[in-house]
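Residue numbers (the numbering used here): 60 to 190.
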């Protein structure tokens, strides 16, 4: 029960963090902004979340796998963020040394599966959404 309450609290904070800020228009624009802020990727593929209408990309590079989604429906965004948060916690509980992390900024869900430097993507997102 504590895990569920923690997830609800985290989602509220994540959702509020993106409110009222201007940012990229779509996943491709956010990917370009991430690159401009030092997140080096070499391959961009289309990414999708099952049963959700999303604009998504997978960014890959040396030690980097990041999924970027723009999800228009606030309800779908909260659901997808909750699933990503649970997946990361499950990986951590199973002993995964680098469980995935997720970030919500405005209508975007960014799932970091691998990054060469821990926190690099989070720092870039913070810079992008505070400019």
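In this text, a Cβ means the ideal position worked out from N, Cα and C, and glycines have one as well.
- Boundaries of the beta strand (DSSP E) harbouring residue 118: 113–120, taken from the DSSP string.
- A straight line joining the alpha-carbon of residue 137 with that of residue 110 spans about 14 Å.
- Residues 98, 99, 100, 173, 174 and 175 of the same chain have their beta carbon placed closer than 8 Å to that of residue 123, with the five preceding and five following residues left out of the count.
- Secondary structure of residue 152 (DSSP, three-state): helix.
- Within the same chain, 86, 105, 106, 107, 108, 126, 127, 128 and 129 come within 8 Å of residue 115 by CB-CB distance, once the 5 residues on both sides are set aside.
- Counting only the Cα atoms, residue 84 lies some 33 Å from residue 151.
- Here residue 144 carries a helix assignment [DSSP, helix/strand/coil].
- For residue 103, the enclosing beta strand (DSSP E) starts and ends at 102–105.
- Counting along the chain, no alpha helix (DSSP H) covers residue 173; the unbroken beta strand (DSSP E) around it starts and ends at 167–173.
- Within a 10 Å sphere around the beta-carbon of residue 102 sit fewer than 16 other beta-carbons, which makes this residue exposed.
- Contact annotation: residue 82 and residue 188 have beta-carbon atoms nearer than 8 Å.
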